[in-house]
Each structure stands twice: as C-alpha cells, then as structure tokens.
Amino acid sequence: SLKMYSIIHIFYNTIYDEDEVLLALAEQLGNFTMLVGGPEYVHCLLPPLESLATVEETVVRDKAVESLRKISQEHSPVDLEVHFEPLTLVMPTLRQAAEDKSWRVRYMVADKFSELQKAVGSEITKNDLVPAFQNLLKDCEAEVRAAAANKVKEFCENLPEDNREQIIMTHILPCVKELVSDTNQHVKSALASVIMGLSTILGKDNTIEHLLPLFLAQLKDECPEVRLNIISNLDCVNEVIGIRQLSQSLLPAIVELAEDAKWRVRLAIIEYMPLLAGQLGVEFFDEKLNTLCMAWLIDHVYAIREAATCNLMKLVEKFGAEWAQNTIVPKVLGMANDPNYLHRMTTLFCINALSEACGQEITTKQMLPVVLKMSNDQVANVRFNVAKSLQKIGPVLDSNALQTEVKPVLEKLATDSDMDVKYFAQEAISGIQSLL
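Take the sequence shown: its position 407, counted from the start at 1, is 566 in this note's numbering, and no numbers get skipped.
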C-alpha cells in the first residue's frame, strides 16, 4: 500500500538521524510487522534494518540484529524463499554482525543463533550459518564463546537431518574439542551444560568413540561447575550408552564435589544423588556412595544437613524400605548417641523424613524407641525436637503405640522446665489427639 511505502521512505530518511533515534528505530522495527500490513509485507523492513545493522554505534547494531531475528520468524515459507534465499538482503548483514568489531554484537548473534537458524531454513544454515557458528565458537572473547557453546546442542538438533551427522563430525565437533580445554571456566561450564545432549543426536558408536573422551576430560576439570554440569546431565548419555561407561571416572568427580570447600557445590551434588543412585544401581551406590551420603548428615552447614536428610528420603523411595532397614536406618539411629547435639538432632530430622517411606513396622520397632529415649536429652533443643518428631511420625504409628508409649512421654515433656519444650509438647499432644 501507498501508506506502507511512505513509512518505509521515512525509515530510510531516519537512518541518518541522531544515535538515540537510530537506537529506538532499531529496537522497534522488529515489532512493526502488523504496522506494515502483516507478514505479507514484512520483507519491506529488511532494507532499513540492514542499514541499521551497519551503523557505527554498537548498541544500534546490536538491537538491529535482534529485530532482524524477530522479523525473520514472521516470514511465510514462500517469502523466506523469495527474500531470504537469495542471501542479498539478510545474509550479508548476519555475516557482518557475526564478525562485528564489537563483541556485544557478536554475543547477541551467538545468543540468538538458534532462532536465526530456524528462521532461515536448512540450505542457508548449511552454507552460511555453519561457518558463522564455527567462528563464534572460536571467538577471541570468552563471553561470545560461552554464548555460542551454550547453543551447541540446539544448533546440532536443528541441522538438516540428511547430513546432520556429517556437519557435526566435520565442522562442529573439532570446535567442541577445543572448547573442552578452553582457558575460561565460563566457556567450559556452558559447554558442559549441553555437551551430553550430543550423545542422543550422534548415537551410540559416535558417543563412545568421540564424545566419551570429552565427557571424561570434563569430569576431571579443575572447575567444580564444569564437573557438576556434566554430572547433572548424565541422563542424556545414560539413554545412549549406559552410565557404567563413565562410572570409574564418575566416582572421583562425585567425591571431590561432595567435599568441595564451597557449600553450594556440595549442595548441588546432593540434589543429583537420587538421580545418580537410580542410574548407577543399588550395588554401586552401597559400595561407593553410601558413606558420602551419611557424611553429609554431619556437615557443618545446616543447609547441607537438611538436603542430606531429604536425599535419604528420596533414596528410600527409590530403593525401598527393606534396603533402608539394612543400610540407612541403623547408621541414622547410631547418631542418636553422638556427643554433638546438632548430630543428635539430625537423627530426629532423618526419622521425620524416613518414617513414612519406611512404613509402620520399621518406624515402630526401630525408630520410635530411639526417639522416646532422646526425650531425656540434656539439651532443650533436642527435647523439643523430640516432641515435634513424635507429632510428625504419629500418623505412621498405630493407636496402641501412641496411647501407651508416645502420649506418656509427651505429657512428661509438657511439664519440662524449658518453655519451648513445654510449648511443643503441648502442640504435639493436641496434634496426635485425633489419632488416638
């Protein structure tokens, strides 16, 4: 329409305006699809955006690339062929942006690479985006390499199926191998968060021959975040080759992370332990990882002890009550006699978490006697946690145990000299009343 072409003419005249105006224009043109008449006419926005993507001001080029990405997604398949396939409009701009002198512009291209790839189709991806992506993976700026590394799995998934494997093996994997030993930990960490996903794309044989050595190298990386990202994505490789291939290298990596000086690293590995246990199996777990899980229960950081308690509950849900009775419960109950009152309290927290998963018999015969005995503890904090525990495990116990064993102890605690013990004992008595 005449109105539409008038708007485009104004855009061209504005290209020579102040930087502030150019920035606003570069940012807003990506939202102008409906204003120029819808997807049918969206190609008219390409020339002004192409010009904006070449101006001197970095932030303007940055926003122009983002707007190009937006409008490229709004072209119909036919328009893609007509306006994008010739590569005379967008590809020179994208190539230029991917090699821009400003790292921020290159970063933006890397960060939005998957969207650009989906928008331009398989032929342009194969001929133009693959070389551009290689360059971004080798960029001199770590931020750009990290952004590109983060897109490796997505980029490979979106490659044309007929020659996907050949492109990855020939063009992408050599870059990935270099990034595994990158000097920047953020780059290595970004890669570690996605590299395991390549195993499902490349299949069993390629994974064993080409990817497995990279996984093993990253499991030994000096940076804990790299090791953690590999471990947190083990399910991908487990589906393809089975986790046993990694088990010998996994163990030292897990142990190091479990004992890392940063408590947040220790916390993260605890949260992946149920997943690891399920994949490695009960025998491997009992032999190699059980001791670690118990050690976390006496960590000096409360958040670790709390997470370790939750971890035990998930392990019991995975391996069953019989396993818990033979493996976990005796060790937990043994902590009731620990000289450190914090460790004695951890026994109570574990009982709270495990009672339901372990069931009535184990709770009544093994756990309850220990809780009742701890009601005589010299530390008030332990005694009021006994009251809270008795209320917590109450629903798992039968009414006879509640009436003859639990209630008398709670009534005794309700007359305790400590105000907090009294309060929680009275709360527990009220809480179990409906169960009697």
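The beta carbon of each residue, even a glycine, is placed where N, CA and C say it ideally should be.
Identity of the residue in the options nearest residue i by Cα
i	options	result
E337	I510, A305 and R464	A305
V488	E520, D419, Q525 and V460	Q525
T450	C395, I413 and M328	I413
Q293	R254, S408, G280 and W455	R254
M355	I588, E313 and E215	E313
D419	L393, C382 and L434	C382
D536	P554, I521, T506 and I402	T506
I327	K447, T366, K347 and S340	T366
A584	P290, V541, R323 and V339	V541
N496	K532, L371 and V195	K532
S348	K363, D380, L361 and S358	D380
V353	L426, V201, Q592 and C395	C395
T400	V385, L357 and L426	The sequence given here has Ile at residue 400, not Thr. Nearest of V385, L357 and L426 to I400, Cα basis: L357.
L204	T217, L556, V180 and K229	K229
K447	R423, V460 and L410	L410
E179	G197, T217, P206 and N343	T217
S147	G196, I331, G189 and L194	This structure cannot settle anything about residue 147, because the visible part of the chain is limited to 160 through 595.
L435	T213, N392 and V424	N392
A351	Y582, D445, V335 and T329	V335
Presumed contact (8 Å Cβ cut-off) between residue i and residue j, rounded CB distance
i	j	result
A307	L288	No, A307 and L288 are not in contact; Cβ-Cβ is about 12 Å, not under 8 Å.
K277	P319	Actually they do not touch by this definition, with Cβ atoms about 12 Å apart.
D221	V264	5 Å
G553	G590	7 Å
M432	N470	5 Å
E570	I588	7 Å
L474	R464	So it is not a contact: roughly 16 Å between Cβ atoms.
V219	A257	So it is not a contact: roughly 17 Å between Cβ atoms.
C517	A480	5 Å
E233	V201	5 Å
V530	L549	6 Å
Y266	V303	5 Å
L595	L561	6 Å
M467	I429	The amino acid occupying residue 467 in the given sequence is Ala; Met does not appear at that position. Right, their Cβ atoms sit about 6 Å apart.
Run of the alpha helix (DSSP H) containing residue i, from where it starts to where it stops
i	result
P383	P383 to S391
P554	Unbroken run through P554: none, as it is neither H nor E.
G590	M578 to I591
Q407	R403 to A417
G493	V488 to G493
K379	Premise fails: K379 is in no alpha helix (DSSP H) and is neither H nor E.
Q344	Q344 to A351
P567	K566 to L572
T505	Y500 to C517
T359	L357 to N365
Closer than 8 Å to chain E by CB, residue i
i	result
V385	Given the protein chain composition of this structure (a single chain), no chain E is represented.
Next on the checklist: Report the start-end ranges of each alpha helix (DSSP H) in the stretch 171-241 that is 4 residues or longer and not cut off at the edges.
Outcome noted: Within the stretch 171-241, complete alpha helix (DSSP H) segments of at least 4 residues are found at 178-187, 205-211 and 217-231, given in chain order.
Checklist entry - If you scan the stretch 255-333 from start to end, which runs of the alpha helix (DSSP H) of 4 or more residues do you find wholly inside it? => result Counting only runs that start and end inside the stretch 255-333, the alpha helix (DSSP H) elements of at least 4 residues fall at 262-270, 272-279, 289-296, 301-308, 311-316 and 323-326.
Item to check | Contiguous beta strand (DSSP E) assignments of at least 3 residues, all confined to the stretch 525-559 | outcome: You should have found no qualifying run.
Checklist entry - Which runs of the alpha helix (DSSP H) fall wholly inside the stretch 408-485 and span at least 4 residues, in chain order? => result Taking 4 residues as the minimum length, the alpha helix (DSSP H) runs contained wholly in the stretch 408-485 are 422-439, 449-455 and 461-478, in order along the chain.
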